[in-house]
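Shown next, in structure tokens, is the structure this report addresses.
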Amino acid sequence: MLKELRTLMAVAQHGTITAAAHHIGLTQAAASAQIQRLEESLDVALLDRAGRQVRLNAVGVDVVARAEHILHLCDELREVTQRPKVRGHLRLGAIQSMQRQYLPRVIKTLIEQYPDVSTHLELGGSLPLLTAVDQGQLDAAMVVKPFFALPAELTWVPLLREPFTVLCPAGEASNDWRQVLTTLPFIRYDSASFGGRVVDRFLQTHRLSPRCQIESQDVDAILEMVACGIGASLIPMKDLSRHANQLRAIDLGADKFYREVGMVLPGTRGNNELVTELVRIARAQVLASPFVHPLVERD
1 MLKELRTLMA VAQHGTITAA AHHIGLTQAA ASAQIQRLEE SLDVALLDRA
51 GRQVRLNAVG VDVVARAEHI LHLCDELREV TQRPKVRGHL RLGAIQSMQR
101 QYLPRVIKTL IEQYPDVSTH LELGGSLPLL TAVDQGQLDA AMVVKPFFAL
151 PAELTWVPLL REPFTVLCPA GEASNDWRQV LTTLPFIRYD SASFGGRVVD
201 RFLQTHRLSP RCQIESQDVD AILEMVACGI GASLIPMKDL SRHANQLRAI
251 DLGADKFYRE VGMVLPGTRG NNELVTELVR IARAQVLASP FVHPLVERD
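Below you can see the structure in the form of structure tokens.
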């Protein structure tokens, strides 16, 4: 009955049996026969017919709505049953911001779908993690996209982009981000990191020279220092709900810029099935999250 339901949904989508048949690769006669078999099986008419014109009747509309849910469940079941039997040990690196926000959902899904997989997580900066993948010490790493071309032996999988914002103590009166960055002590996002270099290019483009007092690669630590009133910073946008009374964000408006985050993999995908499934899950989690700007296209 599944193929008959798919044909009925095609008729609902395309308006005529002829158009539906063309879309799903059947002859008009074959599509008509499938609709007729479905009506006989359900013992009810699904279409109102007037000459060559057909349209769903009230029962047909209800059946199509239920059929969509049924076929979705069948597709999910097929995906589960056809999924490879993945097992093994995954060595995964991630920058700190990914470990605290997005990565836990990826790992949770991975172990739910593949309970025979164990995972070792390594925290670090983008460059050391990229090097570890290149040297075979990690199977994959979630990092900020480097400003240089990757070696031919490595593969880049884009996942998401994070907008930068100016953070300042809640008591700061000005809403002019240029003024805030040049008058308050500046807590710099480590200029040696990939993300920090993105910030440096932004400052150079706008001819700004903040008075740097502290430099850190830890974005969460920078947020805490701004909340303590030490100064202002320019970092990827974070959840500020815990510090709503201590700091605030100033949007960059038309000058907004981003850092790209993705996965770097060995070109050969040494742990092939496991890494392939990790990428699939990571991409799906990006699309499922309302808090990120995905660089993943929907199927």
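Numbering (full-length UniProt numbering), first residue to last: 1 to 299.
Positions of the beta carbon are idealized from the N, C-alpha and C atoms, including for glycine.
These numbers were taken from a predicted model, which means no experiment stands behind them.
Straight-line spacing of the CA atoms in residue 48 and residue 287 works out to 39 Å. Taking the CA atoms as reference points, residue 228 sits about 12 Å from residue 187. The shortest CA-to-CA distance from residue 61 to any of 15, 103, 104, 93 is the one to 15. Every beta strand (DSSP E) of 3 residues or more that sits fully in the segment 52 to 117 is shown, in chain order, as 53 to 56, 88 to 94. Where residue 262 is concerned, the enclosing beta strand (DSSP E) starts and stops at 258 to 266.
With fewer than 16 other Cβ atoms from the protein chains shown falling within 10 Å of its own Cβ, residue 213 counts as exposed. In the structure shown, the three-state DSSP call for residue 49 is strand.
By the Cβ-count criterion, residue 165 is buried, with 16 or more other Cβ atoms from all chains shown falling within 10 Å of its own Cβ. Annotated as proximal: residue 236 and residue 97, with beta-carbon spacing under 9 Å.
With contact defined as three or more Cβ pairs closer than 8 Å, the segment 71 to 78 and the segment 233 to 252 are not in contact. In terms of Cα proximity to residue 149, the closest of 124, 130, 245, 240 is 130. Annotated as distal: residue 240 and residue 252, with beta-carbon spacing of 9 Å or more. Taking 9 Å as the cut-off, the Cβ atoms of residue 170 and residue 248 count as close.
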